[in-house]
Amino acid sequence: MKTVLKYIITYAILIIFFVISLTIVSIIPSSYIYENVKESAETLYSEGNRKIVNIPYRNCDMQFDNYTDALMINTAYSIDNSNPVESVFLARKNYIKEKTKIIEQDNVGELKSASKYEKHNEVGELVDLVNSDIDESFEYARYWHGYLILLRPMLVLFNINEIRTIIFIIIFILLLIFFYLLQKNTNVIIGLLFTIGLFCVEYFYLGYTLQGISVFLIAIISSIIILMKNKKINNTLLFFIIGMLTNFFDFFTVPIITLGIPLLVVLLLKEGEYSFKKSIIEFVKHVLAWIAGYTITWFTKWLLVDIIFRRDLIKIAFEQIGFRSTATKYTILDAIGQNLKYEDKFIIISIILNMIMSVIYLFIKGSKENKYTALEIIPYMLIAIAPYVWYAVIKNHSIEHAFFTYRNQVISIIGLNIIIHKLIMNAKIGERFQIRKNS
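Position 406, counted from 1, in the sequence shown is what numbering that gives the first Met the number 0 calls 405; the numbers after and before it change by one each time, with no gaps.
This is how it looks when you write it as C-alpha cells:
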C-alpha cells in the first residue's frame with residue numbers, strides 16, 4: 000500500500016504541476032510574444048512547411064518538421080490570456096479573440112488547416128495569424144502541449160532562429176555530460192556507442208526542429224540523473240515520472256526513446272547486482288512503470304477535457320488510436336522498411352566501428368567484463384527490437400511520418416552495439432590478448 004500511495008501522490012503532484020504551469024504561462028499576454036512570433040513566421044515561411052537540410056555525412060538532404068513547429072508557435076500565440084484555463088485545455092490554433100468566427104473541435108484524423116488552403120499549410124496559417132487574416136480556429140485538445148511552459152516564455156525574448164541556437168548549445172552540453180558520466184561508470188567504448196547512436200539519428204541537427212527535441216532532452220537528462228544518483232533513487236518510480244513527462248511534453252513523435260535510452264543505462268549500471276530472474280523482473284517493472292505513467296497522463300487529459308468542456312474526447316482519442324494503428328494499403332514490412340531505409344547503412348557502419356573500437360580496447364585494457372550468457376543479453380535484445388515492434392503496431396503514423404519516426408532506431412543501434420561489445424569483451428580472444436600482455 001505504501002508503494003501504491005507513493006505512485007498516486009507522484010501522479011497527483013505532476014498533474015497539478017502540469018495544469019498550474021500551463022495556466023501560469025498562459026497568463027502572459029500574446030502581445031508580449033508578437034514580435035518574435037512574427038519574425039519566426041517569416042523565417043518558417045521562407046523555409047517552407049518541410050525544412051530541407053543537407054546532412055554531409057549522409058550525403059543527402061533530410062526533411063525537418065517546420066509544419067509542426069509552426070503549429071506549436073501558432074498554439075502559443077493563440078492562447079487567450081483572459082481565459083487561460085480554457086486555452087490550456089482546448090489548445091486552439093488560429094485563434095484571434097473577437098475575430099475568430101469558427102472553432103472546430105478536435106476530431107479523428109490529421110489536424111485540419113483553414114478552408115482557404117487546398118492542403119495542410121501550418122506555416123501559411125501562422126503567417127496569416129500574425130497578420131490577423133484568418134477566422135477559422137481548430138482545437139487540438141488530445142495533447143497536453145506541455146512544450147508551452149518553455150516555448151511561451153522563450154518567445155518573449157527570442158525568435159525561432161535564436162531558440163534553435165539555444166537548443167543546439169543545450170544538447171551539445173548535455174551530450175558532453177552524458178558521455179563523461181557513461182565512460183566513468185562503464186567504459187569509454189560504451190560512451191562512444193551512445194554517442195555514435197545519437198549521431199546516426201541527427202542528434203546535432205535536432206535544433207532545427209522544436210517538434211522532436213523534447214524526447215531527446217528527457218531521455219538524456221533522465222539518463223544523467225540515473226548515472227549521478229544510481230544508488231540513491233527508485234528507478235521504477237523514476238520511469239513512471241519519465242513516462243508522464245514524455246506524454247506531457249511530446250507530440251507523439253518518438254516517445255519510446257525516453258524509455259529505451261535510460262533503460263539501457265540502468266541495465267549497464269546494474270550488471271552483476273542481481274540474478275537473471277531478478278534482472279528480468281526489474282526490467283519489466285521499469286517498462287510497465289513507464290507505460291503506466293505515459294498512458295495515465297494521456298487519459299487524464301482526455302478525461303479532464305470531457306468533464307470540464309464536454310468534448311467527448313475519450314471516444315475521439317480511442318478512434319484516433321485505431322486510425323494511427325492501421326494503414327490498409329500497407330503491410331507491417333512496409334512500415335518497418337520505410338523507417339529502416341534511413342538507418343540500414345548506419346547500423347552496418349556503427350557495428351564495424353564498434354568491432355574495431357572494442358578489439359582495440361580489449362587489446363589495451365584486457366577483458367574485465369562479467370562473463371555473459373545468452374540469457375543475460377535478452378533485455379538488450381528486447382530494447383533493440385522495440386522500435387520495429389512499434390512500427391508494426393503504429394503502422395499509419397510510422398509510414399506517414401517516417402522522416403522523423405526513423406529516429407526510434409537510436410535505441411536499436413545502441414542496444415545492438417552494446418550486445419556486440421559485450422560479446423567481444425567476453426570472447427576467448429580476450430584471454431589470448433591478456434596472455435600476450437602478461438608475457
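From the three backbone atoms N, C-alpha and C, an ideal C-beta is built for every residue, glycine too.
In this text, all values refer to a predicted model and were calculated from it rather than measured experimentally.
Just to confirm, are residue i and residue j a CB contact at a threshold of 8 Å?
i	j	result
residue 253	residue 404	yes
residue 144	residue 208	no
residue 93	residue 113	yes
residue 409	residue 256	yes
residue 413	residue 262	no
residue 350	residue 425	no
residue 353	residue 420	yes
residue 142	residue 69	no
residue 35	residue 122	no
residue 193	residue 181	yes
residue 152	residue 278	no
residue 470	residue 380	Outside the displayed span of the chain (0 to 438) sits residue 470, for which this structure offers no information.
residue 131	residue 95	yes
residue 341	residue 398	no
residue 294	residue 394	no
For the putative contact between residue i and residue j, defined by C-beta atoms under 8 Å, what is the C-beta separation to the nearest angstrom?
i	j	result
residue 267	residue 166	Not a contact, Cβ separation roughly 27 Å.
residue 88	residue 11	The pair is not a contact, with the Cβ atoms about 18 Å apart (cut-off 8 Å).
residue 292	residue 232	About 15 Å; that fails the 8 Å criterion.
residue 312	residue 301	4 Å
residue 251	residue 219	20 Å between Cβ atoms; not a contact.
residue 20	residue 172	Residue 20 to residue 172, Cβ: 24 Å. No contact.
residue 259	residue 72	Rounded, the Cβ-Cβ distance is 29 Å, inconsistent with contact.
residue 104	residue 310	6 Å
residue 65	residue 41	Contact doesn't hold; Cβ gap of about 12 Å is too wide.
Ordered along the chain, which non-local residues of its own chain (more than five positions away) have a Cβ less than 6 Å from that of residue i?
i	result
residue 102	136
residue 434	Since pLDDT at residue 434 reaches only 47, below the 50 mark, its modelled position is unreliable, and the value read off the structure follows with that caveat. Nothing listed; no residue qualifies.
residue 316	141, 301
residue 402	62
residue 138	89, 91, 104, 105
By the DSSP assignment, the beta strand (DSSP E) with residue i in it spans what residues?
i	result
residue 97	Taken as a continuous stretch (DSSP letters only), residue 97 belongs to no beta strand (DSSP E), as it is neither H nor E.
residue 61	59 to 63
residue 136	135 to 138
Looking at the unbroken alpha helix (DSSP H) that takes in residue i, where does it start and where does it end?
i	result
residue 358	343 to 364
residue 50	Unbroken run through residue 50 is the beta strand (DSSP E), 50 to 54; no alpha helix (DSSP H).
residue 227	209 to 227
residue 124	121 to 129
residue 28	It is not in any alpha helix (DSSP H) - residue 28 carries neither H nor E in the DSSP assignment.
residue 420	409 to 424
residue 40	33 to 46
residue 110	Note, residue 110: premise wrong, no alpha helix (DSSP H); not H, not E.
residue 338	331 to 339
residue 161	159 to 184
residue 80	Element bounds for residue 80: n/a, residue is neither H nor E.
residue 309	Run containing residue 309: none; DSSP gives neither H nor E here.
residue 255	It is not in any alpha helix (DSSP H) - residue 255 carries neither H nor E in the DSSP assignment.
residue 187	187 to 199
residue 403	401 to 404
Spatial neighbours of residue i within its chain, please: C-beta separation below 8 Å, excluding the five flanking residues on both sides.
i	result
residue 80	25, 26, 27, 28, 29, 86
residue 108	319, 322
residue 116	123, 124
residue 184	226, 229, 267, 268
Can you list, in chain order, the residues of its chain with a C-beta nearer than 7 Å to that of residue i? Leave out the 5 residues immediately preceding and following it.
i	result
residue 265	225, 234, 285
residue 391	331, 334, 335
residue 44	122, 126
residue 214	245, 249, 252, 253, 254, 256, 257
residue 195	349, 352
residue 163	206, 207
residue 222	177, 260, 261, 264
residue 51	60, 62
Kindly indicate which three-state DSSP category residue i falls into: helix, strand or coil?
i	result
residue 92	strand
residue 272	coil
residue 103	strand
residue 393	coil
residue 5	helix
residue 314	helix
residue 285	helix
residue 328	coil
residue 232	coil
residue 68	helix
residue 143	coil
residue 380	helix
residue 443	For the chain, the structure presents residues 0 to 438; residue 443 sits outside this window and is missing.
residue 322	helix
residue 250	coil
residue 0	coil
Taking 7 Å as the cut-off, does the CB of residue i come closer than this to any heavy atom belonging to the ligand SAM?
i	result
residue 242	In the structure shown, the ligand SAM is absent, as is every other ligand, since no ligand is present at all.
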